[in-house]
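Only one structure is covered here, and it is reproduced in the block below.
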């Protein structure tokens with residue numbers, strides 16, 4: 001008897017023309033991965049650095065961006081290795097672990113979006129009670145639930161090697177989000193123009209991210225149900241949207257549409273440009289003096 005354990009490997013068949021375009025795939029994916037990390041951590045750093053961004057809404061945004069970075073980190077290194085390998089394979093245990101990370105982090109995103117929807121609901125519909133409801137303890141509880149609940153829901157079926165209906169994971173948070181924004185729209189419709197303007201400024205980025213993420217999850221469910229009927233190139237494009245488009249979409253939307261974050265980003269880039277201009281002027285002066 002051999003003491004070595006048998007290891008089951010799964011051959012990945014979703015890559016199109018890997019041998020022909022492997023270096024192009026690798027370069028594009030590496031560039032996007034670096035952009036995701038840089039864009040997300042830039043906004044997270046701004047939120048952590050500036051005291052006026054230490055509010056529940058911005059804390060949830062930072063958590064959402066960190067969630068996207070972890071999701072990308074769970075997927076991109078394996079993809080980059082696959083593009084440079086002759087055979088695209090993964091062990092069964094590693095596949096299960098990647099499946100756990102993928103679906104638990106997607107579930108966490110739904111829960112974080114639900115927490116953000118509740119935060120906006122309290123801010124717009126119950127402004128006088130906002131400081132007493134959205135306390136630091138409340139935010140911490142929401143963050144803990146957002147990561148622990150999906151992880152537990154996904155981990156148990158995977159450990160037991162049982163089939164599970166992953167499409168049901170985000171159903172409850174999604175219904176709560178729809179109910180919350182419906183209440184916000186009703187209150188805004190009955191309120192003055194200032195309330196409507198505030199709601200539009202703070203809720204629009206969240207709604208755009210929610211719609212984008214819901215569409216990508218719908219694609220994933222459709223592929224899972226009728227994936228065999230889709231051409232390979234179509235399945236690849238739909239899958240890459242979740243890896244390329246959405247993780248970059250989040251920091252771009254929040255960086256451009258959230259007024260306070262956008263203001264700090266402009267200051268950051270202006271300071272960087274000013275420093276570069278000063279360094280350039282110093283170099284020119286030094287060159288002129290050395291020439292004389």
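Residue numbers (full-length UniProt numbering): 1 to 292.
C-beta atoms are modelled at their ideal positions from N, C-alpha and C, and glycine is treated no differently.
As assigned by DSSP and simplified to three states, the class of residue 91: Walking along the chain shown from the start, residue 91 turns up at place 91. For residue 91, the secondary structure class from DSSP, reduced to helix, strand or coil, is strand.
Contact check, residue 203 vs residue 195, beta carbons under 7 Å: Start at 1 with the first residue of the chain shown, and residue 203 comes out as number 203. Start at 1 with the first residue of the chain shown, and residue 195 comes out as number 195. Not closer than 7 Å, so no.
Buried versus exposed, by CB contacts within 10 Å (16 or more), residue 56: By 1-based counting over the chain shown, the position of residue 56 is 56. Counting Cβ neighbours within 10 Å, residue 56 comes out buried, since at least 16 surround it.
Endpoints, alpha helix (DSSP H) assigned at residue 52: Position 52 of the chain shown, counted from the start, is the residue given in the question as residue 52. In this chain, residue 52 is not harboured by any alpha helix (DSSP H), its DSSP state being neither H nor E.
beta-carbon residue 40 near the ligand PLP non-hydrogen atom, thresh 6 Å: The ligand PLP is not part of the structure shown, which contains no ligands of any sort.
Residue 109, buried or exposed, once every other Cβ within 10 Å from all chains shown has been counted against 16: The sequence position of residue 109 within the chain shown is 109, counting from 1. A buried status is given to residue 109, since no fewer than 16 other beta-carbon atoms sit within 10 Å of its beta-carbon.
Continuous alpha helix (DSSP H) assignments of at least 4 residues falling wholly in the segment 78-155: The qualifying runs are 92-125, 130-133.
Rounded Cβ spacing between residue 46 and residue 53 (contact assumed at less than 8 Å): The residue given as residue 46 occupies position 46 in the chain shown. The residue given as residue 53 occupies position 53 in the chain shown. Contact between residue 46 and residue 53 holds: their C-beta atoms lie close to 7 Å from each other, under 8 Å.
Residue 111 and residue 205 closer than 7 Å at C-beta: Looking up residue 111 in the chain shown gives position 111. Looking up residue 205 in the chain shown gives position 205. No, these two residues do not count as a Cβ contact at 7 Å.
Residue 192 in three-state terms, based on DSSP: Here residue 192 corresponds to residue number 192 of the chain shown, with the count starting at 1. Secondary structure at residue 192: coil, using DSSP grouped into helix, strand and coil.
Residue of 100, 28, 62, 24 minimising C-alpha distance to residue 39: Locating residue 39 in the chain shown gives position 39, where the first residue counts as 1. When each option's Cα is compared against that of residue 39, the closest is 62.
Where residue 164 sits in the DSSP three-state scheme: Numbered from 1 along the chain shown, position 164 holds the residue referred to as residue 164. Here the model assigns residue 164 a pLDDT of 48, short of 50, so the residue's position is not dependable and the matter cannot be decided.
Delimiting residues of the alpha helix (DSSP H) encompassing residue 244: As a first step, residue 244 must be located in the chain shown, where it is residue number 244. DSSP places residue 244 outside any alpha helix (DSSP H), giving it a letter other than H or E.
C-beta atoms of residue 118 and residue 184 nearer than 7 Å: Numbered from its first residue, the chain shown carries residue 118 at position 118. Numbered from its first residue, the chain shown carries residue 184 at position 184. Going by C-beta atoms, residue 118 is not nearer than 7 Å to residue 184.
Through-space distance from residue 153 to residue 176, alpha-carbon basis: Your numbering for residue 176 matches position 176 in the chain shown. Your numbering for residue 153 matches position 153 in the chain shown. Roughly 18 Å separates the two Cα atoms.
Residue 191 versus residue 133: straight-line alpha-carbon distance, rounded: Sequence index remark: in the chain shown, residue 191 carries index 191 (1-based). Sequence index remark: in the chain shown, residue 133 carries index 133 (1-based). For the pair residue 191 and residue 133, the Cα-to-Cα distance works out to about 22 Å.
Counted within 10 angstroms of its Cβ, other Cβ atoms place residue 247 as buried (16 or more) or exposed: Reading the chain shown from its first residue, position 247 is the one you call residue 247. Residue 247 is buried by the Cβ-count criterion.
Alpha carbon of residue 84 to alpha carbon of residue 33, nearest angstrom: Working through the chain shown from its first residue, we reach residue 84 at position 84. Working through the chain shown from its first residue, we reach residue 33 at position 33. Looking at the two C-alpha atoms, the distance is approximately 16 Å.
Residue of 66, 23, 131, 129 minimising C-alpha distance to residue 106: Reading the chain shown from its first residue, position 106 is the one you call residue 106. Measuring C-alpha to C-alpha distances from residue 106 to each of 66, 23, 131, 129 identifies 66 as the nearest.
Chain-order list of residues whose beta-carbon lies under 7 Å from that of residue 253 (same chain, five-residue window excluded): As a position in the chain shown, residue 253 is number 253, starting the count at 1. Hits under 7 Å: 205, 208, 209.
Classification of residue 51 by the beta-carbon crowding that lies within 10 angstroms, buried from 16 upward: Counted from its first residue, the chain shown places residue 51 at position 51. When all chains shown are included, residue 51 counts as exposed.
Classification of residue 193 by the beta-carbon crowding that lies within 10 angstroms, buried from 16 upward: For this step, residue 193 is matched to residue 193 along the chain shown. Residue 193 comes out exposed.
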